[in-house]
Every structure is written in C-alpha cells, then in structure tokens.
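Here the structure is laid out as structure tokens; the discussion comes afterwards.
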Amino acid sequence: MNSYSIIIIYIILTAASTQTYCQNDKKEILNSIIQLTYNAKYDSAGIKIQELKSVNKNSLQINYFEAMILWRQHLVLGSAVQQNEKTKSEFEDKLNYVIREGESVLQKNEKDSIALFYTGAAYGYLAQYYSRVNRSYFKAAGLGKKGLDLHEKLLLFHPKTYDVYYSLGLFNYLASNVPWYLKPVLFILGRSGSQAKAYKYLNTASIKGNFARYEAMETLAGLYTSNEQYNSVDSIYKELKILFPLNANYYNFIYLKQLFSLGADSKFFKVGNEALAQSKLRQKYDDTQKLHLSLIFATIALKYERQNKVNNAIDVYSEYLDRKTDDDDMNCWFLFARGKLYESSGKISNAINDYKMVIQITKNQSFGNMIQSRLNKLIKK
1100 MNSYSIIIIY IILTAASTQT YCQNDKKEIL NSIIQLTYNA KYDSAGIKIQ
1150 ELKSVNKNSL QINYFEAMIL WRQHLVLGSA VQQNEKTKSE FEDKLNYVIR
1200 EGESVLQKNE KDSIALFYTG AAYGYLAQYY SRVNRSYFKA AGLGKKGLDL
1250 HEKLLLFHPK TYDVYYSLGL FNYLASNVPW YLKPVLFILG RSGSQAKAYK
1300 YLNTASIKGN FARYEAMETL AGLYTSNEQY NSVDSIYKEL KILFPLNANY
1350 YNFIYLKQLF SLGADSKFFK VGNEALAQSK LRQKYDDTQK LHLSLIFATI
1400 ALKYERQNKV NNAIDVYSEY LDRKTDDDDM NCWFLFARGK LYESSGKISN
1450 AINDYKMVIQ ITKNQSFGNM IQSRLNKLIK K
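Going by my numbering, the letters in the sequence shown line up with residues 1100 to 1480, in that order.
Right under this line is the structure:
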C-alpha cells in the first residue's frame, strides 16, 4: 500500500466533491456544478457557486460545494492547491462553517438529513485536510470518526441515501487492506473492513448514487485494479472519459500510476500506448490536460528506465519534446531527464545539447545553476 493509501486510512471518510444529500430545488444546478468540476472547468463551476451564494450565502450545501471544488482541484492538480495559503484557508474556513452550523441544527433535530449529510461530509474532508496537508494524523482520525458516525446515523433514518454508501465502501476498501502497522488506528475506531462490503457499497453508490456516483466509480476502478480485474477497470474508465472528456488524460494517468505500483507491466504498456495514441487525436490542450499528458509520458519513460531500457525511455522523452508544448517548466524537466540518460549511456554530445537547451529556457535560477554545473563537468571531460 502506498503512502497515499496510508494517509487515507487515517481519514476513514472521504466525502469527495461528488457527495451530497441534495435539496430538490438546487438539484439541477448542483448537478451542473458537479459536471463542470469533474470536467476540470473549475472557474465555470465557481461562477455557478457564486450565483447560488448571491441568493443564500449561508447555505450548508453551497459552502460545502464551494469547498469541494477546491478539494477536487487539489486531487486533480496535485500540490497546486496545497501550496496556495489563501486557498487552504478558504477551504478550511468553509468546512468549519458547515460543521459549526450543521452541529447547531443537529442539536435541535438529530434526524435532520441535510445537516447529517453535510456535517458528516465536512468532517471527512477536514480529516483529509489535516492528514494530507498538516500531517496531523490522530486529529484526522478523530474528525473522520465523527463524520462516519453521522453518515451511519443518516442511513438509519434514510436508508436510500445512496451517496453515503460511497463513504462506507471507501472505508471498507481501505480498512480491508490496512497493513499491520496501521491496525492500531482501526482498533481506536473500533471498526474493521471487508473487501466484499467494499464491492457491495461502492457498486451501490456507482449505480444508484446521485452525485457520489462518479467518485464511487473512480474508487471501484482502483479496487478492481488491485485485484487485476482489468476488464471491469477498462469499462469504468471508458465511461468516465466519455462523461468527462477534458479529464481523459487524468484518468489515463491514474490508471497508469496504479498499474506502475502493482508491477503489472504488460497491462501498463498496453494502457500507456493507448493513452499516447489517444493524445495524438487532439491538437490543443488546456493546462490541466497538458499536465496529465506530461505525467503520462514521464510515467512510461520511468517504467522503461526501471527496466534498464534506456533507449526506449529516451524515445518517450523525445516524443514528448517533439510535441513542442508551450510548457517551459515541463520541457526543461524532460530535457534534463533525457540528458541524464544520454550522459549515462555515453552519448555526451547529446547530453550537452540537452543541458544547454535547459539553461536557455529555464526561469528557475537554482535549477539552471545546477544544470550549468553539470554541463561544466561534461565539457571538461
């Protein structure tokens, strides 16, 4: 289990941006916000949120969804949200508001379904925040426990709240695979998990869920991948890429990353080659798409490097550079990576050329100085 999964165990409840117990009068526009968010149109989703806030800025739903857009950006774009102090503060403030107001409602009516859902979900997201950003794992575990308890109570009152089955499914998925050194966390929570329940709950959410459906599909794909049920995985990702074409590169990258960690090389290269072939069908990409396309190339090249197939790795780096993207930072990284392989394989003149190109285009002075030092050593040989 990788470090990401280890962190998630401390969370217990992941209420992704898709999860919501929805008030009917907002269902259509919230569906639209989810569609935009999962298709990486975060600015457009944010505009719709502001339209809702102009009517009722104190709504639990609206504040929750605003925070979830930020969180989805963090999941898809990596560290960008985490490094933005203003964004982190806004995300935490909105979740704390939902918790504070939701708990106030529950003190008056413990069966209030909207408060149960959003308060529980906010606890879960805040748990992720403390575990992944602040590394406060025990605090995260306590927050996650509160969220899971509220969602289970919601199911007692409203068993057809199918979005909540995603939370239960994710918990069972992770808890059933917990390594021995994380057993104390489950002991503290007084819980255990089973893979059979994970399949059951995730499948229920993916079929009957409202906004949780997409997150359940993503998690179910991960479960199928870990058990080498690739036909099921392929089917899920195919549907997700049809639903959210602007995030197709993201789904290809996630699949490759999972296969990479499992050592499933044959399937890895099949998926990788298909992803590269698909990428040739598009001429233009936005920044999010370009990010994940570059990660696909880098992951495939790294796999070749791990197999000591240096020439294959060089070919992959070269294919990316031949695309002539306008991402200078990523171009620098690929030139540096290819230059190192040229250097290690004795093709010094090629390495020198790549390092010189990096120095010409990089805007990072410390990185440029490091490359210059490396270049000077090669020239002296």
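For every residue, glycine included, the Cβ atom is placed at its ideal position computed from N, Cα and C. The structure presented is a predicted model; accordingly, all values stated were derived computationally and were not measured.
To the nearest angstrom, how far is it from the Cα of residue i to the Cα of residue j?
i	j	result
Q1172	G1145	12 Å
Y1441	N1162	52 Å
E1202	D1414	57 Å
I1317	I1335	Note on identity: in this sequence residue 1317 is Glu, with Ile being the wrong assignment. One C-alpha to the other measures close to 8 Å.
R1405	N1475	28 Å
E1150	K1207	30 Å
M1429	L1253	46 Å
K1408	K1187	41 Å
Y1109	K1455	For Y1109, the pLDDT reaches just 35, beneath the cut-off of 50, and the residue's location in the model is therefore unreliable, although a value from the coordinates is still provided. Answer to the nearest angstrom: the Cα atoms are 46 Å apart.
A1274	S1293	7 Å
Y1204	L1135	According to the sequence provided, residue 1204 is Val. The question's Tyr does not apply to it. The straight-line gap from Cα to Cα measures roughly 30 Å.
G1401	E1127	According to the sequence shown, residue 1401 is Leu rather than Gly. Roughly 43 Å separates the two Cα atoms.
Q1181	I1447	Unreliable placement is indicated for Q1181, whose pLDDT of 48 sits below 50; the coordinate value is still reported in the next sentence. So the alpha carbons of these two residues sit roughly 39 Å apart.
I1451	S1331	46 Å
G1445	A1363	31 Å
Do residue j and residue i come within 8 Å of each other at the CB atom, strictly closer than that value?
i	j	result
R1473	D1453	no
F1164	S1212	no
I1399	F1435	no
G1268	A1297	yes
A1295	S1305	no
D1262	N1309	yes
Y1300	N1271	yes
L1242	Y1229	yes
D1427	K1462	yes
N1351	I1395	yes
L1355	A1374	yes
A1166	T1387	no
I1148	I1168	yes
H1250	S1235	no
Along the alpha helix (DSSP H) that carries residue i, what are the first and last residues, could you check?
i	result
D1333	Y1329 to L1342
T1303	Q1294 to K1307
V1232	No alpha helix (DSSP H) contains V1232, which DSSP labels as neither H nor E.
H1173	L1159 to L1176
V1415	V1409 to D1421
Assuming residue i contacts residue j under a Cβ cut-off of 8 Å, what Cβ separation, rounded to an integer in Å, is found between them?
i	j	result
S1378	L1392	6 Å
V1175	Y1349	6 Å
F1367	Y1137	With 8 Å as the limit, F1367 and Y1137 do not qualify as a contact, their Cβ atoms being about 25 Å apart.
A1412	Y1403	4 Å
Q1160	K1210	Their Cβ separation, rounded to whole angstroms, is 18 Å, which puts Q1160 and K1210 out of contact at 8 Å.
T1303	Y1264	5 Å
If you measure from the beta carbon of residue i to each beta carbon in chain D, is any gap under 8 Å?
i	result
T1461	No chain D is present in this structure, which holds just one protein chain.
Below 7 Å, is the gap between the Cβ of residue i and the nearest heavy atom of the ligand GDP?
i	result
T1398	As far as ligands go, the structure on display features none, and thus does not contain the ligand GDP.
Using 8 Å as the threshold, is the region 1183 to 1202 in touch with the region 1215 to 1231, meaning 3 or more CB pairs across them? yes
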